[in-house]
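A.B. asks:
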Ligand SMILES: [Zn+2]
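Residue numbers (my numbering): 43 to 215.
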C-alpha cells in the first residue's frame with residue numbers, strides 16, 4: 043500500500059490501534075457507531091450506546107481531541123443546541139504521519155550518535171558508554187567495576203539504517 047494513496051478506514055488495523063491508544067476501546071466502539079450513521083446527532087449516540095452519558099461525552103471529546111471525529115453545533119431559534127458528529131479519518135492519517143516523522147527524527151538522532159562515537163561496555167553488559175565518558179571512568183564500569191571494552195556497533199547502525207528506511211516508505215506529505 044502506498045501511504046499517499048491511503049484512504050484510512052475504521053477497519054484498518056493502524057487506525058484501530060491509533061484510536062485504542064489515544065481514546066481506548068470504547069472510543070473504537072463509538073467511532074464505529076458514528077461511522078455507520080454519520081452524520082449523526084449527539085443525542086442519538088447518547089441514546090444508543092449503553093453507557094453513562096457522562097462517559098460517552100468524555101469519549102466523544104477524546105475522539106475529537108485525537109482528530110478521529112468532529113462535531114458541528116447548530117443552535118435553533120429557541121437556543122436548543124444540536125451536535126452533529128462525523129468521522130475525520132483523513133485527520134487521523136496526518137496524526138499517524140506526524141508520529142512517524144517524530145520516530146524518524148528520533149532514529150536519525152540515534153544513528154548520528156552511533157556513527158559519531160565509539161562505545162565501551164563491561165562484560166556483564168551494564169551500560170554502553172561513549173569513549174569520552176569511558177575515559178573519565180578510566181574504563182571501569184560504575185556498576186560492577188569491571189573493565190569496559192570497545193564494543194562494535196556496526197549491527198546497531200545497520201538496524202537503525204534499516205528502520206529509518208522502512209519508515210521512509212511509510213511517511214508521506
Ligand atoms: Zn558492569
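Note that CB positions come from ideal geometry on N, CA and C, so glycine has one too.
For a minimum of 4 consecutive residues, which ranges assigned as the alpha helix (DSSP H) are wholly contained in the stretch 114-160?
C.D. replies: Within the stretch 114-160, the complete alpha helix (DSSP H) runs of at least 4 residues are 131-158.
A.B. asks: Report the residue ranges of all beta strand (DSSP E) runs contained in full by the stretch 43-79; include only those spanning at least 3 residues, in chain order.
C.D. replies: Runs of the beta strand (DSSP E) inside the stretch 43-79: none found.
A.B. asks: Only counting runs of 4 or more residues, tell me where the alpha helix (DSSP H) segments fall wholly within the stretch 162-196, in order along the chain.
C.D. replies: If we require 4 residues or more, the alpha helix (DSSP H) runs fully inside the stretch 162-196 come out as 173-178.
A.B. asks: If you count every other CB in all the chains shown that lies within 10 Å of the CB of residue 135, and 16 or more means buried, which is it?
C.D. replies: Along the chain shown, one-based indexing puts residue 135 at 93. Classification of residue 135: buried, given that the 10 Å Cβ count is 16 or more.
A.B. asks: What's the gap between the Cα of residue 57 and the Cα of residue 99?
C.D. replies: In the chain shown, counting from the first residue as 1, residue 57 sits at position 15. In the chain shown, counting from the first residue as 1, residue 99 sits at position 57. Those two C-alpha atoms are separated by around 21 Å.
A.B. asks: Quick one: give me the first and last residue of the alpha helix (DSSP H) that residue 85 is part of.
C.D. replies: Residue 85 sits at position 43 when you count from the first residue of the chain shown. Per DSSP, residue 85 belongs to the alpha helix (DSSP H) from 84-90.
A.B. asks: Nearest to residue 168 by alpha carbon, out of 174, 158, 181 and 120?
C.D. replies: Position 126 of the chain shown, counting from 1, holds the residue named residue 168. The shortest C-alpha separation from residue 168 is found at 181.
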